[in-house]
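Peer 1:
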Amino acid sequence: MTYEGTGKTYASAFAMRELGFKRVLFLVHRVTLAKQAKKSFEKVFDKKVTMGLVGAGFYEYEKDYVFATVETLNRDTHLFQYQPNAFDCIILDEAHHSSNNIYTKVINYFNPKLFLGMTATPDKRDDNQEGKNIYEIFHYQIAHEIRLQQAMEDNLLCPFHYFGISEVVSLDDKTLQAAKLTDEEFNQLTSDERVRHVIEQSEYYGYSGDRVRGLIFCSRVKECEELSRKFNALGYRTIALSGADNEEKRQEAFERLAMDEADATEEMQPLDYIFLRDILNEGVDIVEVNQVIMLRPTQSPIVFIQQLGRGLRKAPGKEYVVILDFIGNYNNNFMIPVALSGDRSYNADIIRKYVISGNSTIPGASTVHFDEISKDKIFKSIDKIKGMKTLIKESYVSLKNRLGRVPLLYDFYENQEIDPLVIIKEYKTYYAFMQAMEKDKYKNSLNEQEKLTLEYLSKTILSGVRPDELAILSQLLYRDHIGVADFIKEYQKTYGIKISTSQVNEAIQVLQGHFVSKEAEYQKFRQIDILENDQSGMIRRLKSYTERLAHIQFCIQVEDIIKVGIARYKDKYFPGRIVDSPFVLYEKYSRRDVSLLMNCGKDLSSIMYGMKRIEDDVFIFITYHKEESQDEKNYVDGKPDYADAFEDDLIFKWDSQIGKGLDSSYMKDVLEAERKHLLVKKSDAETSFYYMGQFTVVEARNARKEDNRGRMQPITKVTMKMQHPVREDLLRYLQSNITA
């Protein structure tokens, strides 16, 4: 499995030469691809083996290396020209099509020494029927896998410069996906304003080479045709292609796009652009393409990468390819950073972080840049990601097909598939998700107490913000007790951190179901009955928990939770932990996380607004852009205009809650706390806060502010100095407040 343009055909040719195979069949689904593959093999083998085509009028059956279309070979008159063992190796190009029945007939007929499948999109199959996924067809044997990031790192592709540009069209993706548009809607897509905007941007960002050779992807065929007409009227040489066009017309268009000006004739003139809708997602090499323009919503990360990949082939005189993505008000905008980053977790914070950091996450000479309006459109899309259950199910099917078995939650984490926390957010437990996906296998196999235990553990410790509870559960998985002193030694040996007896006791309290915010929650989870801490200093499993662990399915689920939680802690929190602090700078934490890390004994998130003093620590929670919130309930007399903002990367100005002057107990909590922590989120659409680190108070002075009823009230204006300068990209993200 290799990324588009990384040289799958050449790799297979070198493999055949290395293995010394005498007879090889190379199967494709279009004759154009057969001809391309034959040319590549001829360059590798020179004239050491004979090569021929079968299909489109060519019937060179007796050649050593045969390049055939599957449609042709699927017919008995052609298939029976060969004995089942005629070939040493059969190569299936674009192997994700191999689940199709016409491939199945050919695959089942032959018996070579080796079947070699090649695809850039293993999860894009022609169907998802049982027994027909690509991994199963190839017996779950993956010879090699390379994705976009690695391909860029290894210099296998042409560098790209991606620019996310705000679209002038106001239509949303739901409208664009409709079968029909109104005249007004269609006129928006093909307006002179849009044409001018696209041309201005394409000329501004330019291309590498002597002239532009561009592909423009649109949302519908008529749009392609009308935009092509308008471009031509302005002096550009363009053509619109669709799936309805025959192979001859397509091939001529590709040749015209690739040709040099010097080779122009009266019959055949070069093209500047080809407008496309539903072709060129796979299999066609126009290596000369130096500009790709996207004028449609992102359908999926797979399609996005396929279309971007049309420009990533290396070619003489082509130093880079320019990708221009016109971003509208589309629900699927979040898929753009998902595709570019290669991260399949669908974790909103990871997606945000990618957009914030941009080209710092692209290897090699490639760059990614979003204009501010486009960034804001993507952030808004991230804040309201829809269809998450569909994305989870797609990820599950892909992973199950790849593994050849029902995956565990840890498999998602290890294979960098959808974030386990995303699954838990939607289904509460992985077991509940399994019941939804594998109804027959998981029907009523756990009792209510077992289900409640999994729900509580998934909600409380799966995130891995600290390892305390996970370490205790891990120790008690296959033994019925452990001494507190022994646990402390084992903990320090494993994590290099000293843990006190009181902190162990806090973790035990959490595992007894106490870490809840409401009495109703406690009544729900108090019967999970996992462990007790007896007077002899032993942590013991309770009898009912031991009995539950004897139930294999329950034990597997608990062990899975522990494994994911510990892995998340080691990867996400442990490396960056601040000395003598449970927090990691610039990581995100919910109020619930803060309650857990500060050993509050229960979830205080429902009362942790604005400011919270916890013994010698005080936490200030800031929503940077409060005007975006629809929730007024946590503010005195509605939501006042607080002047909370960073002046620079060190100084933060904060207004206390209205009614809290310098002499109030509220402000005394802030000023007298030994350690002062600042946590910030951009808007109320985000559920957790960036930990910005500790601060000192430089100045605190009395002031007055008008409340929502027009009354003047005391407040305190505070100037804070951060212990660490705020990271530049995060500061820029928090301060940006583009509305479009």
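Going by the UniProt record's numbering, the sequence shown opens with residue 1, and the numbers climb by one from there.
For every residue, glycine included, the Cβ atom is placed at its ideal position computed from N, Cα and C.
Using the rule of at least 16 other Cβ atoms within 10 Å of the residue's Cβ for burial, across every protein chain shown, is Met413 buried or exposed?
Peer 2: For the purposes of this step, residue 413 is identified with residue 413 of the sequence shown, where counting begins at 1. Looking at the sequence itself, residue 413 is Tyr, so the reference to Met does not match. So Tyr413 ends up on the buried side.
Peer 1: So Arg704 is in the beta strand (DSSP E); what residue range does that whole segment cover?
Peer 2: Residue mapping note: residue 704 aligns to position 704 of the sequence shown, counting from 1. Element bounds for Arg704: 689-706.
Peer 1: By a C-beta neighbour count over all protein chains shown, 10 Å radius and 16 as the cutoff for buried, is Gly164 buried or exposed?
Peer 2: Within the sequence shown, the letter at position 164 stands for residue 164. It counts as buried.
Peer 1: Do Leu295 and Ile199 count as a contact pair if the criterion is CB distance below 8 Å?
Peer 2: Within the sequence shown, residue 199 is the residue found at index 199, counting from 1. Within the sequence shown, residue 295 is the residue found at index 295, counting from 1. Ile199 is not a Cβ neighbour of Leu295, given a cutoff of 8 Å.
Peer 1: Pull the bridge partners of Asn533 from the DSSP assignment, please.
Peer 2: The count along the sequence shown starts at 1 and reaches residue 533 at position 533. DSSP lists Ile539 as partners of Asn533.
Peer 1: Any idea what DSSP makes of Arg732, helix, strand or coil?
Peer 2: If you number the sequence shown from 1, residue 732 lands on position 732. Correct three-state label for Arg732: helix.
Peer 1: Could you pull the DSSP bridge partners for Pro714 from this structure?
Peer 2: Walking along the sequence shown from the start, residue 714 turns up at place 714. Looking at the DSSP assignment, Pro714 forms a beta bridge with Arg704.
Peer 1: Less than 6 Å between C-beta atoms, sequence neighbours within five positions excluded: which residues of the same chain meet that for Thr453?
Peer 2: Locating residue 453 in the sequence shown gives position 453, counting from the first residue. If we look at Thr453 and ignore the five residues flanking it on each side, its Cβ neighbours are Ile528.
Peer 1: Can you name the start and end residues of the alpha helix (DSSP H) that Phe412 belongs to?
Peer 2: Against the sequence shown, residue 412 aligns to sequence position 412. It spans 409-414 - the alpha helix (DSSP H) in which Phe412 sits, taken as one unbroken run.
Peer 1: Near Lys633, what residues of its chain come up, given a Cβ to Cβ distance below 7 Å and the 5 sequence neighbours on each side ignored?
Peer 2: Mapped onto the sequence shown, residue 633 falls at position 633. Only weak support is given to the placement of Lys633: the predicted model assigns it a pLDDT of 40, under 50, and the value that follows is read from those uncertain coordinates. Same-chain partners within the cutoff: there are none.
Peer 1: For chain B, check one thing: does any of its Cβ atoms lie closer than 8 Å to the Cβ of Glu394?
Peer 2: Among the chains in the structure shown there is no chain B, since it carries only a single protein chain.
Peer 1: Closest by CA to Ala643, which one among Ala703, Leu662, Leu597?
Peer 2: On the sequence shown, residue 643 is found 643 positions in, with the first residue counted as 1. Out of Ala703, Leu662, Leu597, Ala703 has the C-alpha closest to the C-alpha of Ala643.
Peer 1: Starting from residue 754, follow the beta strand (DSSP E) in both directions and report where the run begins and ends.
Peer 2: Since the first residue shown for the chain is 1 and the last is 740, residue 754 is missing from the structure and cannot be characterised.
Peer 1: According to DSSP, is Val564 part of a helix, a strand, or is it coil?
Peer 2: One-based indexing of the sequence shown puts residue 564 at position 564. Three-state DSSP puts Val564 in a helix.
Peer 1: According to the Cβ coordinates, are Val292 and Leu308 closer than 8 Å?
Peer 2: Residue numbering aside, residue 292 sits at position 292 when the sequence shown is read from its first letter. Residue numbering aside, residue 308 sits at position 308 when the sequence shown is read from its first letter. Yes. Within cutoff.
Peer 1: Unbroken beta strand (DSSP E) runs of length 3 or more, entirely within the segment 318-401: which are they?
Peer 2: 321-327, 367-370
Peer 1: Within the segment 146-183, note down every full beta strand (DSSP E) run reaching 3 residues or more, in order along the chain.
Peer 2: 160-166
Peer 1: For the segment 703-713 and the segment 678-689, state whether three or more C-beta atom pairs, one from each stretch, are separated by less than 8 Å.
Peer 2: The answer is no - the segment 678-689 does not touch the segment 703-713, with fewer than three Cβ pairs under 8 Å.
Peer 1: Could you compute how far the alpha carbon of Asn108 sits from the alpha carbon of His29?
Peer 2: The residue you call residue 108 lines up with position 108 of the sequence shown. The residue you call residue 29 lines up with position 29 of the sequence shown. Using only the alpha carbons, I get a separation of about 17 Å.
Peer 1: Phe334: buried (16+ other C-beta within 10 angstroms of its C-beta) or exposed?
Peer 2: In the sequence shown, residue 334 corresponds to position 334, counting from 1. Result: buried.
Peer 1: Whole angstroms is fine: what's the gap from Lys721's alpha carbon to Arg701's?
Peer 2: The residue labelled residue 721 in the question sits at position 721 within the sequence shown. The residue labelled residue 701 in the question sits at position 701 within the sequence shown. Straight-line Cα distance between these residues: approximately 15 Å.
Peer 1: When burial is assigned at 16 or more other CB atoms within 10 Å of the CB, is Glu450 buried or exposed?
Peer 2: Residue mapping note: residue 450 aligns to position 450 of the sequence shown, counting from 1. Glu450 should be labelled buried.
Peer 1: In the DSSP output, what is Thr238 paired with across the bridge?
Peer 2: Translated into the one-based positions of the sequence shown, residue 238 becomes position 238. For Thr238, which the question treats as bridged, DSSP gives the partners Tyr273.
Peer 1: Going by the DSSP bridge assignment, what does Tyr431 pair with across the sheet?
Peer 2: Your numbering for residue 431 matches position 431 in the sequence shown. As computed with DSSP, Tyr431 is found in no beta bridge at all.
Peer 1: Using DSSP's beta-bridge definition, name the partner residues of Phe652.
Peer 2: Here residue 652 refers to the residue found at position 652 of the sequence shown. Phe646, Met720.
Peer 1: Could you give the first and the last residue of the continuous beta strand (DSSP E) run that contains Phe115?
Peer 2: Mapped onto the sequence shown, residue 115 falls at position 115. Where Phe115 is concerned, the enclosing beta strand (DSSP E) stretches over 114-118.
Peer 1: With distances taken from CA atoms, which of Gln435, Thr429, Ser445 is nearest Ile461?
Peer 2: For the purposes of this step, residue 461 is taken as the residue at position 461 of the sequence shown. Cα-wise, what sits closest to Ile461 is Thr429.
Peer 1: Once you ignore the five residues that flank Leu114 on each side, which residues in its own chain have a CB closer than 6 Å to its CB?
Peer 2: Mapped onto the sequence shown, residue 114 falls at position 114. Counting only Cβ-Cβ distances below 6 Å, and skipping sequence neighbours, we find Cys89.
Peer 1: What residue ranges within the segment 179-259 form continuous alpha helix (DSSP H) runs of no fewer than 4 residues, ordered along the chain?
Peer 2: Taking only runs of at least 4 residues, the alpha helix (DSSP H) segments lying wholly in the segment 179-259 are 183-189, 192-205, 221-233, 247-258.
Peer 1: Within its chain, find whatever has a CB closer than 7 Å to the CB of Glu706; leave out the 5 residues flanking it on each side and keep chain order.
Peer 2: Walking along the sequence shown from the start, residue 706 turns up at place 706. Take Glu706, set aside five residues on each side of it, and the residues of its chain with a beta-carbon closer than 7 Å to its own are Met712, in chain order.
Peer 1: In the DSSP assignment, find the beta strand (DSSP E) that holds Phe621 and state where it starts and stops.
Peer 2: The sequence position of residue 621 within the sequence shown is 621, counting from 1. Segment 617-623, the beta strand (DSSP E) holding Phe621.
Peer 1: Can you tell which of Ala520, Gly20, Asp278 has the C-alpha that lies nearest to the C-alpha of Phe304?
Peer 2: Start at 1 with the first residue of the sequence shown, and residue 304 comes out as number 304. Among Ala520, Gly20, Asp278, the Cα nearest to that of Phe304 belongs to Asp278.
Peer 1: Could you tell me which residues DSSP puts in a beta bridge with His97?
Peer 2: Walking along the sequence shown from the start, residue 97 turns up at place 97. For His97, DSSP records no beta bridge to any residue.
Peer 1: Would you mind stating whether Tyr273 and His161 have Cβ atoms separated by less than 8 Å?
Peer 2: Locating residue 273 in the sequence shown gives position 273, where the first residue counts as 1. Locating residue 161 in the sequence shown gives position 161, where the first residue counts as 1. No.
Peer 1: Hey, Thr32 and Glu248: beta-carbon distance below 8 Å or not?
Peer 2: The sequence position of residue 32 within the sequence shown is 32, counting from 1. The sequence position of residue 248 within the sequence shown is 248, counting from 1. For Thr32 and Glu248, no; Cβs fall outside 8 Å.
Peer 1: Please classify Tyr666: does DSSP put it in a helix, a strand, or coil?
Peer 2: Position 666 of the sequence shown, counted from the first residue, corresponds to residue 666. Correct three-state label for Tyr666: helix.
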